[in-house]
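Visitor: Each residue of the sequence shown is one higher than the one before, counting from 107 in my numbering. Virtual Cβ for every residue (Gly too), placed ideally from N, Cα, C. Supplied in structure tokens, the structure appears directly below.
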Amino acid sequence: MASLQVWQARNETCGSIDLGLFLHYSLIPSFAIIVVLSCLERRARRSPVDEKWPLLNRRCGIVVPLDFAGAFKNRWSLGFAFGATANKVMILFSEGYTPLQVVPKWMQAIVLLIGALEVGVSSYPFFACLSTHSQTAGPALGFLYTGTWFVIMNIHIILCPHGQVFLLGRFAYKFVNASWVQLKMGHLKGESSFLEGHQAQYVQQLMRKPQLQQPQKSWFQQKVYEWDPYFHFPSRMIITAMLALICLYMFVVTEYHVYKLVLHELKNVQMFLEEFTTSINVSSNTSEAVAGIQSFTEFIHVTEGVWMFTTFSACLMCVSYVFHILACYRKHMKRLWAGQKQFLPLAFGKISSSLCVASIARYSGWQIAFILWGYLILHIVQCLFGILFMYSFVLPIKHGEGIEVVKSLGTGILTVAIVVGLMVTQITTARSFFLQPKILPSDKEKPLALDNRKAFHNFNYFLFFYNVLLGLSACLFRLLGSVLVGTWLIARIDRTIMPKGYENADRGFRTWIGMLFMDHYHTNPTLVCFCHVLVVATRGGLQQKATGFRNFSNATDYRISSKARTRWLLLYTLLNNPSLSSLRKPKS
């Protein structure tokens with residue numbers, strides 16, 4: 107694969123550093139960091155292990171790199187963390203990284219899975235150090251690990267916008283801030299928020315009376331985007347958008363390098379043909395050979411110009427798709443919060459819970475792959491249409507055949523105009539002669555009741571044969587329209603390209619709907635606020651002030667021994683029931 111050769115060529119620019127070998131060895135510090143953070147992580151509840159080893163004190167918990175179900179904190183930091191892994195994602199996308207070199211073909215899928223898991227373990231400290239509750243060890247370990255990768259990938263930063271620089275600053279800031287609090291206060295109190303501020307504001311906004319007069323919106327708010335202070339995109343959407351843009355940039359650069367290699371080979375072929383033509387002495391074939399070489403040279407120049415132009419247009423469209431998908435996510439989520447499901451196809455009125463959970467895991471990766479494949483397909487189709495336009499209009503005019511082009515174009519436009527005119531005439535005739543008059547003068551349309559039936563039957567008979575021919579062209583236009591719309595929307599995972607009734611066959615759209623339902627049930631501000639009120643009431647938090655209602659601690663810091671608790675209950679029972687003392691089993 108040419109793209110794989112480009113990646114390998116770019117890796118060779120790192121001197122003597124073998125990135126594949128370094129990725130293998132990076133698993134050692136990665137596992138060490140995971141073990142350290144796991145030992146420092148507190149579990150929400152005590153277990154029998156804590157009774158056996160009291161020094162654990164709910165330690166040795168599971169480290170969560172990223173909350174895919176609806177996290178709203180560290181969104182941009184996690185986005186840059188995923189951006190730092192963009193080069194690894196691109197290598198996996200081109201199937202250029204396999205931990206095992208010689209394997210049977212039937213094991214390729216398993217080998218790719220192993221490679222993806224290895225890349226995931228190598229990148230795990232980036233996210234775990236940002237998400238851990240250990241405010242001192244996490245930033246320190248993350249700074250060291252990210253700094254190591256930053257040194258190794260320093261040359262690649264010139265070629266593509268990695269996020270290691272931002273992560274270094276982020277980890278340094280968190281470490282200094284945590285150290286300052288540690289020295290000033292002597293301890294750190296980790297707080298876990300249950301209800302986010304924007305969710306509480308959204309619920310409060312629902313309880314207010316609607317404004318009688320809506321504020322005037324600017325042109326940008328009306329036509330492009332309107333910021334909503336009561337809606338925050340979860341970390342998953344920010345991460346997906348940032349990684350999609352970075353991977354798209356890297357993919358475009360790789361595609362450009364591949365095209366330059368192909369263009370160089372085409373020019374070498376052109377030079378070889380020119381030298382071969384000058385070396386032959388047969389004059390009868392010389393003119394034909396020169397004409398063929400000129401046509402080939404013209405094709406190279408046309409393709410080069412069209413390819414460069416369509417690169418910018420396809421890239422611009424895919425970038426707009428990334429932001430448009432975010433806007434559609436907000437629009438769909440707000441509709442689901444309001445209980446409006448009319449925009450969903452009938453097949454997705456009730457979706458299985460297992461599909462929703464799997465959709466959360468699939469969405470980010472699928473969205474990035476859809477953007478990359480969509481760009482490639484869109485670019486190729488635009489390039490083909492651009493070459494067709496050049497050979498149909500531009501080059502004939504350039505060669506002095508403008509009159510013939512105008513005649514052909516006029517004939518085509520006239521034919522299409524006649525066909526469209528006949529179709530409009532059928533509709534106008536049906537409305538004027540074959541429908542009964544309006545029942546009321548205020549009606550917009552005539553009722554669907556036939557008039558002049560005999561004339562109507564003759565009208566249908568004589569147009570039957572013409573409509574057969576018209577249907578052939580309409581069928582081809584339908585096929586062409588479906589291809590164009592499908593190509594146009596192939597990168598849009600939020601919109602199905604399947605016809606009505608076959609939406610279930612679109613696995614990308616199914617993933618989008620499942621992800622929407624998962625976020626709807628786990629981040630709905632009304633549901634979260636209701637659960638928060640229940641939890642606060644259960645824990646006796648009704649005395650808290652309204653300004654501090656959104657934060658509360660999920661875990662207690664004191665230890666409770668089950669044996670001591672049982673003895674206190676026994677003492678309390680015996681004090682209230684002295685007669686039970688004689689029934690106790692005597693100690694041997």
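(1) Runs of 4 residues minimum, wholly inside the segment 589-654: which ones carry the alpha helix (DSSP H) assignment?
(2) Excluding five sequence neighbours on each side, which residues of the same chain lie with their C-beta closer than 6 angstroms to the C-beta of ILE406?
(3) With respect to the alpha helix (DSSP H) encompassing HIS304, which residues constitute its N-terminal and C-terminal limits?
(4) Would you identify the three-state DSSP class for LEU450, choosing helix, strand or coil?
(5) Considering only residues of the same chain and omitting the five flanking positions on each side of VAL388, which have a CB-CB separation below 6 angstroms?
(6) Need the endpoints of the alpha helix (DSSP H) that GLU244 sits in, please.
(7) For GLY614, count neighbouring C-beta atoms within 10 Å of its own C-beta (all shown protein chains included) and say buried if the count is 16 or more, exposed if not.
(8) Inspect the beta-carbon positions of ASP612 and MET604 and report whether they are closer than 8 angstroms.
(9) For ARG436 and PHE337, which I take to be in contact (beta-carbon distance under 8 angstroms), what is that distance rounded to the nearest angstrom?
(10) Looking only at C-alpha atoms, which of SER144, LEU218, LEU247 and GLU147 sits nearest to PRO135?
(11) What is the DSSP secondary structure of LEU218, counted as helix, strand or coil?
(12) Could you give the DSSP three-state label for LEU546: helix, strand or coil?
(13) Would you list the residues sitting across from LEU541 in a DSSP beta bridge?
(14) What are the boundary residues of the alpha helix (DSSP H) that includes SER324?
(15) One question on the structure: do LEU129 and ALA234 come within less than 8 angstroms of each other, judged by their Cβ atoms?
(16) How would you label TYR230, buried or exposed, when you count the other beta carbons within 10 angstroms and need 16 or more for buried?
(17) Considering only C-alpha positions, which residue in the set VAL217, LEU218 and VAL141 is nearest to THR238?
(18) If VAL408 sits next to ILE503, beta carbons under 8 angstroms apart, how far is it from one beta carbon to the other, in whole angstroms?
(19) Would you call LEU581 buried or exposed, if buried means 16 or more other Cβ atoms sit within 10 Å of its Cβ?
(20) Should MET423 and LEU349 be called a contact, given that it needs their Cβ atoms to be closer than 8 angstroms?
(21) Would you call the segment 487-501 and the segment 548-566 touching, i.e. three or more CB-CB distances under 8 angstroms?
(22) Hey, how far is the Cα of ASN558 from the Cα of GLN322?
(23) Measuring straight from C-alpha to C-alpha, what distance separates ILE519 and VAL512?
(24) With the cut-off set at 8 angstroms, would you say LEU442 and HIS638 are in Cβ contact?
(25) By Cβ distance below 6 angstroms, which residues in the same chain neighbour LEU146 in space, the five residues on each side in sequence not counted?
(26) Three or more C-beta pairs closer than 8 angstroms, one from the segment 468-482 and one from the segment 583-600: is that the case here?
(27) Please state the DSSP three-state secondary structure of ALA475.
(28) Would you check if the distance between the CB atom of LEU432 and the CB atom of PHE339 is smaller than 8 angstroms?
(29) Beta-carbon separation of VAL412 and CYS489 under 8 angstroms?
(30) What number of angstroms, rounded off, separates the C-alpha of THR534 from the C-alpha of ILE509?
(31) For a cutoff of 8 angstroms on Cβ pairs, would you count LYS440 as touching chain B?
(32) Kindly indicate which residue of ILE524, ILE399 and TYR481 has the alpha-carbon position closest to the one of LEU355.
(33) Between GLN376 and PHE402, which are expected to be in contact by the criterion C-beta below 8 angstroms, what is the C-beta distance as a whole number of angstroms?
(34) Which one of VAL309, LEU450, ALA138 and ALA347 has the shortest CA to CA distance from GLY695?
(35) Using DSSP with H/G/I as helix, E/B as strand and the rest coil, what is LEU318?
(36) For THR629, count neighbouring Cβ atoms within 10 angstroms of its own Cβ and tell me buried if that reaches 16, exposed if not.
Guide: According to the data block:
(1) The qualifying runs are 613-629 and 631-644.
(2) Around ILE406: LEU372.
(3) It spans 303-313 - the alpha helix (DSSP H) in which HIS304 sits, taken as one unbroken run.
(4) If DSSP states are grouped into helix, strand and coil, LEU450 belongs with coil.
(5) Note that VAL388 scores a pLDDT of 49, beneath 50, so its modelled location is shaky; the value from the coordinates is reported in the next line. Correct list: empty, nothing qualifies.
(6) The question names Glu, but residue 244 is Gly in the sequence shown. Following the DSSP letters along the chain, one finds GLY244 inside the alpha helix (DSSP H) bounded by residues 243-258.
(7) Here GLY614 is buried. Its C-beta has 16 or more other C-beta atoms within 10 Å.
(8) Contact flag set, yes.
(9) Contact flag correct, Cβ pair sits at about 6 angstroms.
(10) LEU247 is the residue among SER144, LEU218, LEU247 and GLU147 whose C-alpha sits nearest the C-alpha of PRO135.
(11) In the three-state reduction of the DSSP assignment, LEU218 falls in the helix class, which pools H, G and I.
(12) In the structure shown, LEU546 sits in coil (DSSP, three-state: anything other than H, G, I, E or B).
(13) Looking at the DSSP assignment, LEU541 forms a beta bridge with LEU556.
(14) Segment: none, SER324 is in no alpha helix (DSSP H) and carries neither H nor E.
(15) Judged by their CB atoms, LEU129 and ALA234 are not nearer to each other than the 8 angstroms cut-off.
(16) Buried is the label assigned to TYR230, since at least 16 other Cβ atoms lie within 10 Å of its Cβ.
(17) Taking the Cα of THR238 as reference, the smallest distance to any Cα among VAL217, LEU218 and VAL141 is reached at VAL141.
(18) The C-beta separation of VAL408 from ILE503 comes to about 13 angstroms, leaving the pair out of contact by the 8 angstroms criterion.
(19) Looking at the sequence shown, residue 581 is not Leu but Cys. The residue is exposed, with fewer than 16 neighbouring Cβ atoms inside 10 Å.
(20) Taking the C-beta atoms as reference points, LEU349 is found no nearer than 8 angstroms to MET423.
(21) Inter-segment contact for the segment 487-501 and the segment 548-566 is absent: fewer than three beta-carbon pairs are separated by less than 8 angstroms.
(22) One C-alpha to the other measures close to 54 angstroms.
(23) Rounded to the nearest angstrom, the gap between the Cα atoms of ILE519 and VAL512 is 10 angstroms.
(24) The Cβ-Cβ distance between LEU442 and HIS638 does not fall below 8 angstroms.
(25) So the list reads SER240 and ALA243, once near-sequence residues are dropped.
(26) Flag = yes, the segment 468-482 and the segment 583-600 touch.
(27) Here ALA475 sits in helix by DSSP.
(28) Yes, these two residues count as a Cβ contact at 8 angstroms.
(29) In this structure, CYS489 lies closer than 8 angstroms to VAL412 by Cβ.
(30) Cα-Cα distance, rounded: 36 angstroms.
(31) Among the protein chains of the structure shown there is no chain B, as only one such chain exists.
(32) What sits at residue 355 in the sequence shown is Tyr, not Leu. It is TYR481.
(33) Confirmed, Cβ separation roughly 6 angstroms.
(34) Given that the chain is displayed from residue 107 to residue 694, the structure contains no residue 695 and the question cannot be resolved.
(35) The three-state reading of DSSP puts LEU318 in coil, since its state is none of H, G, I, E or B.
(36) A residue is called buried when at least 16 other Cβ atoms come within 10 angstroms of its Cβ; THR629 meets this threshold and is buried.
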